[in-house]
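Asker: Below is the structure I would like to discuss, written out as structure tokens.
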Amino acid sequence: MIKRLFSVIILCILCYSCQSVKPITVKDGQFYKGKQPYYFVGANYWYGPLIAAPNIGDRERLIKELDMLDSLGVDNLRILVGGEGGIEDSQVNPALQYEQGKYNQDLLEGLDFLMNEMRKRNMYAVLYLNNNWIWSGGMSTYLRWNGYGDVPNPFLEEYTWPQYFEYTQQFHTCEPCQEAFKKHIKFIMTRTNSVNGMVYTDDNTIMSWQVANEPRIFSEEDRKPFASWLAETVTYMDSLDPNTLISTGAEGKASYLQDLDTYKNLHATDKIDYLTAHMWPKNWGWYDKNNEAATLQTSIKNAHNYIEEHIEVAKALHKPLVLSEFGFPRDGESLERGSPVTYRNQFYTSILEELKTSFENQNVLSGLNFWGFAGIAKTNPNQPKWKTGDDFTADPPQEPQGLNSIFAEDTSTLQLMKTYNSILSND
Numbered sequence: 055m056i057k058r059l060f061s062v063i064i065l066c067i068l069c070y071s072c073q074s075v076k077p078i079t080v081k082d083g084q085f086y087k088g089k090q091p092y093y094f095v096g097a098n099y100w101y102g103p104l105i106a107a108p109n110i111g112d113r114e115r116l117i118k119e120l121d122m123l124d125s126l127g128v129d130n131l132r133i134l135v136g137g138e139g140g141i142e143d144s145q146v147n148p149a150l151q152y153e154q155g156k157y158n159q160d161l162l163e164g165l166d167f168l169m170n171e172m173r174k175r176n177m178y179a180v181l182y183l184n185n186n187w188i189w190s191g192g193m194s195t196y197l198r199w200n201g202y203g204d205v206p207n208p209f210l211e212e213y214t215w216p217q218y219f220e221y222t223q224q225f226h227t228c229e230p231c232q233e234a235f236k237k238h239i240k241f242i243m244t245r246t247n248s249v250n251g252m253v254y255t256d257d258n259t260i261m262s263w264q265v266a267n268e269p270r271i272f273s274e275e276d277r278k279p280f281a282s283w284l285a286e287t288v289t290y291m292d293s294l295d296p297n298t299l300i301s302t303g304a305e306g307k308a309s310y311l312q313d314l315d316t317y318k319n320l321h322a323t324d325k326i327d328y329l330t331a332h333m334w335p336k337n338w339g340w341y342d343k344n345n346e347a348a349t350l351q352t353s354i355k356n357a358h359n360y361i362e363e364h365i366e367v368a369k370a371l372h373k374p375l376v377l378s379e380f381g382f383p384r385d386g387e388s389l390e391r392g393s394p395v396t397y398r399n400q401f402y403t404s405i406l407e408e409l410k411t412s413f414e415n416q417n418v419l420s421g422l423n424f425w426g427f428a429g430i431a432k433t434n435p436n437q438p439k440w441k442t443g444d445d446f447t448a449d450p451p452q453e454p455q456g457l458n459s460i461f462a463e464d465t466s467t468l469q470l471m472k473t474y475n476s477i478l479s480n481d
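The end of the sequence shown is residue 481 by the working numbering, with every number in the run present.
Okay, here's the thing in structure tokens:
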């Protein structure tokens with residue numbers, strides 16, 4: 055009798071815990087957390103499952119970083135479920151899916167642990183399930199697995215970006231690749247968390263399933279195959295979990311040959327719950343480290359215009375919009391920890407003000423995920439590229455480590471997140 059009573063008490067505690075995280079839903083072009091509108095300043099934290107892994111990870115670091123984010127009011131983290139392959143130069147290693155259909159159990163447990171720790175802090179995860187880019191394997195690895203030959207890695211001297219684009223667009227017509235990806239989607243989405251026993255589709259900690267990081271139309275002939283693949287994929291995801299939000303992970307019109315109408319048309323389906331856009335002033339040629347003051351103003355102006363035209367699409371579709379990636383280098387593109395972030399802070403403030411205005415007017419721009427949080431990661435500016443065994447930062451392995459990362463000591467930037475999250479908070 056005592057054992058039964060004890061079991062009932064434990065079950066009640068677990069059930070209460072299951073309900074403690076309010077679901078994020080969409081209504082009339084807005085996110086809602088429970089019954090309250092939800093606006094947020096979040097972070098990209100793609101490497102979270104890697105440092106959460108019990109063997110290769112660093113859970114002490116993870117706990118410190120989650121607590122730090124929590125103290126800033128950052129409750130929304132965009133996370134890579136895991137990489138594929140892990141054999142290419144400048145690629146995440148180890149990979150979650152090291153061979154097609156074969157998974158690294160250590161990293162699966164890392165994902166479980168991360169989700170449970172986020173749940174304890176009432177945080178929300180946006181989990182992307184694939185990647186358009188080679189830095190985590192992604193679509194090009196599925197092609198290699200299915201007989202399309204070696205990946206033309208653009209970070210090696212013998213290959214170019216056009217060669218990589220031409221190769222990777224084949225994913226949208228590769229039936230065995232798409233079937234393998236569907237199996238991966240189902241494997242992750244229907245997984246039971248080994249830490250808390252919750253099925254992922256029942257866990258409100260997961261705000262959104264995201265198709266991929268920056269899935270992209272590469273050419274005119276890729277338009278129809280891409281549209282067909284995307285529609286089929288989001289429909290399949292919705293069939294597995296109709297109660298959790300679904301997003302694409304798109305950069306905005308930059309994912310679709312700079313065509314805003316294509317962006318609108320592809321996101322019109324009711325299987326996609328909200329819109330995403332990304333923004334990279336340095337990569338897009340807006341910002342020049344040799345003329346920082348002037349090109350900062352150009353970056354701010356262009357950013358405002360880019361956001362506004364995507365807001366208009368979101369309004370037309372009656373869906374929220376999240377700027378789920380935006381980054382800016384340190385002054386002079388320095389990789390030195392603690393070096394000035396004067397221009398970054400000004401650019402970030404301009405973006406945060408856009409969100410604040412939207413919040414005040416209950417408009418469709420509903421969230422930001424800055425790129426990205428690197429916490430207490432150790433780096434070496436004399437060895438800028440990531441190598442196996444190095445700490446993970448926010449910067450992908452192929453990029454200079456520290457370029458766009460926000461570290462724990464970047465207190466002025468982190469204070470911006472805290473200030474604006476305080477404004478947005480409904481708790």
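The beta carbon of each residue, even a glycine, is placed where N, CA and C say it ideally should be.
Exposed or buried, what is Asn359 when buried is set at 16 or more other beta-carbons lying within 10 Å of its beta-carbon?
Answerer: Asn359 comes out exposed.
Asker: Out of curiosity, what's the CA-to-CA distance linking Leu134 and Leu181?
Answerer: Each residue's alpha carbon lies about 6 Å from the other.
Asker: Which value, in whole angstroms, describes the spacing of the CA atoms of Thr473 and Pro216?
Answerer: Their backbone Cα atoms lie some 42 Å apart in a straight line.
Asker: Counting only runs that start and end within the segment 96-168, where is the beta strand (DSSP E) found for 3 or more residues in a row?
Answerer: Complete beta strand (DSSP E) runs here, min 3: 130-134 and 151-153.
Asker: Starting from Phe380, follow its DSSP beta bridges and name the residues at the other end.
Answerer: Paired residues: Met333.
Asker: Check whether the Cβ atoms of Asn475 and Leu131 sit closer than 8 Å, and answer yes or no.
Answerer: Going by C-beta atoms, Asn475 is not nearer than 8 Å to Leu131.
Asker: Let me know if Ser459 comes out buried or exposed under the rule of 16 or more other beta-carbons within 10 Å of its beta-carbon.
Answerer: Label assigned to Ser459: buried.
Asker: Taking only runs of the beta strand (DSSP E) that begin and end inside the segment 252-326, which ones reach a length of at least 3 residues, in chain order?
Answerer: Fully enclosed beta strand (DSSP E) runs of 3 or longer: 260-264 and 299-301.
Asker: Out of Lys318, Asp313 and Glu407, state which residue places its alpha-carbon closest to the alpha-carbon of Ile354.
Answerer: Checked all of Lys318, Asp313 and Glu407; the closest Cα to Ile354 is Glu407.
Asker: Comparing C-alpha positions only, which one of Tyr328, Asn436 and Glu346 sits nearest to Met261?
Answerer: Residue Tyr328 is the option with its Cα nearest to Met261.
Asker: Should His226 go down as buried or exposed, given a rule of 16 or more other Cβ atoms within 10 Å for buried?
Answerer: With 16 or more Cβ atoms within 10 Å of its Cβ, His226 is classed as buried.
Asker: In the structure shown, what three-state DSSP assignment does Gly426 receive?
Answerer: DSSP places Gly426 in coil when its eight states are reduced to three.
Asker: Pick helix, strand or coil for Tyr397, following the three-state DSSP scheme.
Answerer: The answer is helix: DSSP assigns Tyr397 an H, G or I state.
Asker: Which residues share a DSSP beta bridge with Val367?
Answerer: Per DSSP, none; premise fails for Val367.
Asker: Count the other CB atoms, across all protein chains shown, that sit within 10 Å of the CB of Asp449; report buried if there are 16 or more and exposed otherwise.
Answerer: Buried: at least 16 other Cβ atoms inside 10 Å.
Asker: Please determine, among Asn434, Asp385 and Met169, the residue with the shortest C-alpha to C-alpha distance to Val75.
Answerer: The shortest C-alpha separation from Val75 is found at Met169.
Asker: Given 8 Å as the limit, is there contact between the segment 256-272 and the segment 182-193, that is, 3 or more CB pairs closer than that?
Answerer: These segments touch.
Asker: Is Gly456 helix, strand or coil by DSSP?
Answerer: DSSP places Gly456 in coil when its eight states are reduced to three.
Asker: At what residues does the beta strand (DSSP E) containing Gln84 begin and finish?
Answerer: First-last of the beta strand (DSSP E) with Gln84: Gln84 to Lys87.
Asker: Quick check on DSSP: helix, strand or coil for Gly421?
Answerer: DSSP places Gly421 in strand when its eight states are reduced to three.
Asker: Return the chain-ordered list of same chain residues with a C-beta closer than 8 Å to the C-beta of Ala495, the five sequence neighbours on each side being excluded.
Answerer: Any answer about residue 495 is impossible in this case: the structure gives the chain only from 55 up to 481.
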